[in-house]
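Going down the list, the protein sequences come from chains A and B.
According to this note's numbering, the first sequence is numbered sequentially starting from 10.
According to this note's numbering, the second sequence is numbered sequentially starting from 678.
Glycine residues also receive a C-beta, built at the ideal position from the N, C-alpha and C atoms.
Owing to the predicted nature of the structure, the values given are computational and were not obtained by experimental measurement.
One structure is given below, encoded as structure tokens.
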Amino acid sequence: MSTSQPDSVGTMPVLVNEQRVDLPAGATVQQLLLQLGLPRRGLAVEVNGEIVPQRSFDERRLFVDDRIEVVSLVGGG
Amino acid sequence: MEQSSDAGPAIAPDLLRIGSQQFQSRLLMGSGRFESFELMAAAVAASAAEVVTFAVRRERLYDSSGRNLLDFLDLQNLKLLPNTSGAYDAAAAVRLARMGREILRSLEVPVDNWVKLEVLGDSRTLLPDPIETLRATELLVADGFEVLCYTSDDPILARRLKAAGAVSVMPAGSPIGSGLGVLNPHNLQTIVADLKATDPDFPVIVDAGIGTASDAALALELGADAVLLNSAVARAGDPVKMAWAMRLAVEAGIAARAAGRMGKSRFASASSPEIGLLTSPVGVVSRISEGLGKVKDN
């Protein structure tokens with residue numbers, strides 16, 4: 010589905026909630042959230058099965074084909 | 678929380694203790710299946726619940742409405758309790774619990790290390806998987822969680838979950854969303870008696886199956902410390918009114934439990950005196966009933 014290397018214009022594909030998202034190469038979690046228009050608050054982010062704490066959003070870099078989950082609270086019993 | 682009846686006796690029921698937390702309300706509310714966030718918030722307010730449960734789900738990336746249900750709730754006074762719904766094994770439950778904790782941390786709420794553990798074994802009956810539930814409890818307790826553990830009404834499993842470190846054991850009254858009430862009151866009484874035998878404050882919460890106010894009152898009369906419910910309110914004809922009814926029901930149930938119900942008898946027992954009757958009573962059963970057929974309730 011995707012290439013395994015950054016392409017010539019410096020973007021890279023990642024999978025967010027099983028949907029392909031193209032990010033600038035070397036983007037951080039925070040840049041991903043900005044691109045998707047999501048807040049920092051009220052979310053949990055997991056990259057390749059590991060939780061990324063909110064305080065690390067600005068530093069944590071993403072790589073080609075990372076599998077990312079972004080979850081929040083919804084109504085439930 | 679003010680008492681619902683100003684005319685009542687000065688009954689201040691003990692606080693509900695769950696792990697490191699304590700609450701005045703005996704009602705924990707789910708936030709699912711409401712027609713709107715506004716209705717959910719109004720029902721939660723009417724219920725006087727201090728704990729509201731949520732599920733952890735994938736954020737919608739492109740079609741999000743921008744409305745967040747948390748914006749509708751008073752986060753200063755409500756405690757958010759994430760659940761692990763959707764988990765069918767211990768690993769999935771642990772993953773969801775950790776995500777829930779991370780969400781709570783990002784919200785900087787005072788309590789962020791607790792979870793309503795729910796590990797189901799079957800998507801049609803929604804019955805819990807006892808083995809995976811116990812396994813997940815052990816893993817989450819080791820990871821520092823205060824685990825409120827949804828389970829079947831099996832007394833031995835309840836004992837094992839408490840021994841594994843759950844801060845509350847939450848037996849189902851009947852299947853999730855069924856509204857069938859407390860189907861096995863004897864098991865519930867056994868669980869309560871067993872878990873509280875050496876630990877009277879250990880909270881037993883009836884979670885799932887409550888259909889209407891009398892079910893909630895009964896659960897508390899049988900010895901449960903609280904009820905957790907969702908569908909009974911969300912799917913009621915008037916959810917806000919039913920939330921209010923549930924508030925009254927748990928107050929009534931805990932007060933009745935504290936008061937101690939009368940014993941049951943197979944026979945009638947007149948409230949009016951038999952001395953001074955103008956005519957003789959008719960019938961023999963009333964003559965022989967004295968001291969017979971007393972059924973001890975407890």
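Apart from the five residues just before and just after residue i, which ones in its own chain have a Cβ nearer than 7 Å to its Cβ?
i: Asp67 of chain A; result: Thr37, Gln39
i: Leu817 of chain B; result: Val771, Ala774, Val792, Leu794, Val824
i: Gln63 of chain A; result: Arg49
i: Asn57 of chain A; result: Asp75, Arg76
i: Ala813 of chain B; result: Ala767, Ala770, Val771, Leu794, Val796
Consider the Cβ of residue i: report whether some Cβ of chain B lies at a distance smaller than 7 Å.
i: Val83 of chain A; result: yes
i: Val80 of chain A; result: yes
i: Asn26 of chain A; result: yes
i: Gln39 of chain A; result: no
i: Arg29 of chain A; result: no
i: Gly86 of chain A; result: yes
i: Ile77 of chain A; result: no
i: Gln44 of chain A; result: no
For residue i and residue j, I'd like the C-alpha separation in whole angstroms.
i: Leu899 of chain B; j: Ala720 of chain B; result: 26 Å
i: Ser681 of chain B; j: Arg703 of chain B; result: Any reading at Ser681 of chain B needs caution, since the residue's pLDDT is 47, under 50, leaving its predicted position unreliable; the model's value is listed next. C-alpha separation (whole angstroms): 13 Å.
i: Leu857 of chain B; j: Ser851 of chain B; result: 6 Å
i: Thr956 of chain B; j: Val869 of chain B; result: 49 Å
i: Thr802 of chain B; j: Ser855 of chain B; result: 10 Å
i: Leu747 of chain B; j: Ile931 of chain B; result: 30 Å
i: Met939 of chain B; j: Pro877 of chain B; result: 22 Å
i: Leu784 of chain B; j: Arg837 of chain B; result: 33 Å
i: Phe944 of chain B; j: Val859 of chain B; result: 26 Å
i: Thr867 of chain B; j: Leu750 of chain B; result: 37 Å
i: Ala920 of chain B; j: Gly707 of chain B; result: 11 Å
With the cut-off set at 7 Å, would you say residue i and residue j are in Cβ contact?
i: Ala893 of chain B; j: Met923 of chain B; result: yes
i: Ala909 of chain B; j: Phe711 of chain B; result: no
i: Leu82 of chain A; j: Val23 of chain A; result: no
i: Ser762 of chain B; j: Ala732 of chain B; result: yes
i: Val904 of chain B; j: Val883 of chain B; result: yes
i: Gln699 of chain B; j: Leu692 of chain B; result: yes
i: Asp789 of chain B; j: Gly798 of chain B; result: no
Kindly say whether residue i, judged by its beta-carbon, lies nearer than 7 Å to any beta-carbon of chain A.
i: Glu708 of chain B; result: According to the sequence shown, residue 708 of chain B is Ser rather than Glu. Yes, Ser708 of chain B lies at the interface with chain A (some Cβ there is under 7 Å from its Cβ).
i: Met847 of chain B; result: no
i: Leu758 of chain B; result: no
i: Ile695 of chain B; result: no
i: Thr828 of chain B; result: no
i: Ala732 of chain B; result: yes
i: Leu738 of chain B; result: yes
Ordered along the chain, which non-local residues of its own chain (more than five positions away) have a Cβ less than 8 Å from that of residue i?
i: Pro33 of chain A; result: Gly19, Thr20, Met21, Gln40
i: Asn864 of chain B; result: Asp830, Asp831, Pro832, Pro848
i: Val959 of chain B; result: none
i: Leu872 of chain B; result: Ala835, Arg836, Lys839, Val846, Phe879, Val881
i: Ile60 of chain A; result: Ala53, Val54
Taking 6 Å as the limit between beta carbons, can you name the residues of its chain near residue i, skipping five residues before and five after?
i: Ala926 of chain B; result: Ala890, Ala893, Ala894
i: Gly696 of chain B; result: Glu823, Val844
i: Val80 of chain A; result: Ala53
Problem set entry | Cβ pair count under 8 Å reaching 3, the region 723 to 740 of chain B against the region 945 to 952 of chain B | By the Cβ rule, the region 723 to 740 of chain B does not count as touching the region 945 to 952 of chain B, because fewer than three pairs are nearer than 8 Å.
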